[in-house]
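Asker: First the structure, then my questions, so here it is.
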DNA sequence: ATGTGC
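In full-length UniProt numbering, the protein residues as written are 1 to 472.
Structure below.
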């Protein structure tokens with residue numbers, strides 16, 4: 001327009017390289033800095049040229065900064081042409097989508113082994129019920145969104161007929177001492193977990209600490225539950241040194257609440273930015289354990305796991321106090337986690353279990369059925385083909401959506417009545433009919449675990465609509 | 001799974 005108009009040539013003089021940045025800079029000056037002098041414009045532009053990374057987050061300057069910075073590495077790490085071998089337990093009951101996802105996971109360059117449990121179904125990245133061993137890499141989505149999600153069971157010396165003689169009292173205990181959905185305890189019980197260094201040392205965890213404290217001891221939603229039932233101990237050689245017979249039991253299933261979910265979300269994003277994979281594998285992006293991000297995730301994952309465990313301990317402590325008893329025995333296990341373990345050759349591998357129960361030789365775990373079917377205290381057999389794992393439940397036979405569409409409330413209520421189970425909260429999507437037959441699932445994993453005791457649920461609490469419940 | 005949403 002006039003002699004004072006900034007030209008591309010002026011930019012080349014101050015060191016701009018011919019290319020996209022020049023055009024971006026000129027357009028920016030034209031739209032946002034029209035009124036200042038050419039000299040002033042050049043001063044601004046040379047500042048951005050000197051340190052573009054400083055302007056990456058700036059709303060106005062970001063496009064220019066991006067154009068000046070070296071192009072992001074978009075190198076895609078290819079998948080192996082064929083999937084490594086893995087054993088599928090209960091293959092006849094596993095949906096195609098889960099198998100397909102497992103096949104993709106078995107083609108990652110970092111994968112050294114895997115197995116699919118009989119309750120497997122499609123998830124994000126690795127299927128639920130998938131076990132994956134990698135070399136020096138951790139995959140946030142192979143751990144799962146609910147990091148450290150776990151089972152915990154307490155056995156009591158109380159005669160289990162209390163379930164039929166005092167159902168109202170037990171129901172009150174559950175309502176008073178557990179919190180579901182968005183409800184939390186008005187005065188959360190403080191715990192040493194909140195003093196962990198990770199909350200101070202890891203930037204992401206720091207921002208999650210306050211909410212984590214508010215949610216301490218709560219159960220969340222989805223398939224999480226706290227329930228009373230009966231355990232029949234079958235094995236006279238049980239690890240609890242208890243006589244065989246029937247015991248009152250409390251069983252809880254929940255995870256790391258918003259803490260783990262946010263950690264999972266954050267590090268998955270970090271992984272997907274640094275580890276580009278073909279479209280069908282993108283959610284399996286990993287973090288190298290030798291990198292800062294990898295080590296940070298490992299620490300954050302362990303924090304979330306310990307937090308999940310603390311929540312269970314508080315749930316069980318509250319109920320124990322309300323019952324006025326101390327438990328005779330406690331069994332507990334994570335099923336969404338990654339561990340450093342040794343493979344058959346003695347090499348250290350990272351074993352991801354996403355909805356799979358650790359089942360090393362002699363390791364105790366809990367595999368529940370559904371709200372109205374039996375669950376099992378199991379002892380691992382240490383089967384190498386399953387990577388020392390077993391299922392974490394019965395697995396769905398119906399998606400949540402399908403369950404809500406096809407099941408009716410009276411139908412589910414009748415089923416529960418017949419089973420002698422009372423349920424507080426929950427929705428049709430958690431109905432027993434939405435789950436596989438747990439007996440069949442247990443049959444498929446006879447090589448993986450042996451049954452120590454059988455749990456029969458009686459009074460179940462799950463997430464309903466208890467936003468109104470805030471009392472302590 | 002999730003302050004159930006960029």
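Built from N, CA and C at the ideal position, the CB exists for glycine as well.
What would DSSP say about residue 396, mapped onto helix, strand or coil?
Answerer: strand
Asker: What separation, rounded to the nearest whole angstrom, lies between the Cα atoms of residue 344 and residue 138?
Answerer: So the alpha carbons of these two residues sit roughly 20 Å apart.
Asker: By alpha-carbon positions, which one of 361, 57 and 15 ends up nearest to residue 47?
Answerer: 15
Asker: According to the neighbour-count rule (16 or more other Cβ atoms, all chains shown, within 10 Å of its Cβ), is residue 50 buried or exposed?
Answerer: exposed
Asker: Flag this pair as touching only if the segment 128-148 and the segment 158-165 have three or more C-beta atom pairs under 8 Å; answer yes or no.
Answerer: no
Asker: Starting from the C-beta of residue 191, find all residues in its chain whose C-beta is less than 6 Å away, skip the five residues before and the five after it, and write them out in chain order.
Answerer: 310
Asker: Please look up how many angstroms separate the CB atoms of residue 359 and residue 350, rounded, as I've assumed it's under 8 Å.
Answerer: Incorrect: roughly 17 Å between the Cβ atoms, too far for contact.
Asker: With the cut-off set at 9 Å, would you say residue 315 and residue 197 are in Cβ contact?
Answerer: no
Asker: With 16 other CB atoms within 10 Å as the buried threshold, where does residue 334 fall?
Answerer: Residue 334 comes out buried.
Asker: In the DSSP assignment, what residue or residues form a beta bridge with residue 156?
Answerer: 248
Asker: Give the range of the alpha helix (DSSP H) segment to which residue 85 is assigned.
Answerer: Premise fails: residue 85 is in no alpha helix (DSSP H) and is neither H nor E.
Asker: With distances taken Cα to Cα, identify the nearest neighbour of residue 75 among 34, 290, 277 and 385.
Answerer: If we check each option's Cα against that of residue 75, 277 comes out closest.
Asker: Considering only C-alpha positions, which residue in the set 361, 208, 203 and 7 is nearest to residue 194?
Answerer: 208
Asker: For my contact list, residue 389 and residue 117 are in at a C-beta cut-off of 8 Å; report their separation, rounded to the angstrom.
Answerer: 6 Å
Asker: Who are the Cβ neighbours of residue 340 in its own chain at under 7 Å, not counting the five residues just before and after it?
Answerer: 348 and 350
Asker: Is residue 403 helix, strand or coil when you go by DSSP?
Answerer: Residue 403: helix per DSSP, three-state reduction.
Asker: Given a cut-off of 9 Å on the beta-carbon distance, is the pair residue 305 and residue 145 in contact?
Answerer: no
Asker: Going along the chain, which residues of its own chain have a beta-carbon closer than 8 Å to the beta-carbon of residue 234, five neighbours each way excluded?
Answerer: 244, 451, 452, 453 and 454
Asker: Tell me which residue opens and which closes the beta strand (DSSP E) that residue 309 is part of.
Answerer: From DSSP, residue 309 is part of no beta strand (DSSP E) but of the alpha helix (DSSP H) over 292-323.
Asker: Can you tell me whether DSSP reads residue 177 as helix, strand or coil?
Answerer: helix
Asker: My understanding is that residue 154 touches residue 184, with C-beta atoms under 8 Å, so please give their C-beta distance in whole angstroms.
Answerer: Not really, about 22 Å apart at Cβ, beyond 8 Å.
Asker: Taking the runs of the alpha helix (DSSP H) that are 4 residues or longer, which of them lie wholly in the segment 183-253?
Answerer: 198-201 and 203-214
Asker: Which of the three DSSP states is assigned to residue 353 in this structure?
Answerer: In the structure shown, residue 353 sits in a strand (DSSP, three-state: E or B).
Asker: Tell me whether the segment 78-89 and the segment 102-109 touch, counting them as touching only if at least three CB pairs, one residue from each stretch, are closer than 8 Å.
Answerer: yes
Asker: Thinking C-alpha only, which one of 67, 376, 81 and 268 is nearest residue 151?
Answerer: Looking at the Cα atoms, 376 is the closest of the given residues.
Asker: Could you check the C-alpha separation between residue 468 and residue 187 for me, to the nearest Å?
Answerer: Here residue 468 scores only 40 on pLDDT, less than 50, and its place in the model is too uncertain to base an answer on.
Asker: Report the rounded CA-to-CA distance for residue 255 versus residue 148, giving the unit in angstroms.
Answerer: A straight line joining the alpha-carbon of residue 255 with that of residue 148 spans about 6 Å.
Asker: Give the range of the beta strand (DSSP E) segment to which residue 375 is assigned.
Answerer: In this chain, the beta strand (DSSP E) harbouring residue 375 covers 375-380.
Asker: Whole alpha helix (DSSP H) runs in the segment 431-472 with 4 or more residues, listed along the chain?
Answerer: 438-444
Asker: Whole angstroms are fine: how far does the CA of residue 180 sit from the CA of residue 456?
Answerer: 22 Å
Asker: Measure the alpha-carbon distance for residue 460 versus residue 328 and round it to whole angstroms.
Answerer: 21 Å
Asker: Look at the Cβ atom of residue 63, then the Cβ atom of residue 28, and state whether they are nearer than 9 Å.
Answerer: yes
Asker: Comparing C-alpha positions only, which one of 70, 7, 18 and 250 sits nearest to residue 317?
Answerer: 250
Asker: Leaving out five residues before and five after residue 236 in sequence, what residues of the same chain have Cβ atoms less than 8 Å from its Cβ?
Answerer: 243 and 244
Asker: Among 221, 381, 404 and 394, which has the Cα closest to the Cα of residue 94?
Answerer: 394
Asker: Are the CB atoms of residue 212 and residue 258 nearer to each other than 9 Å?
Answerer: yes
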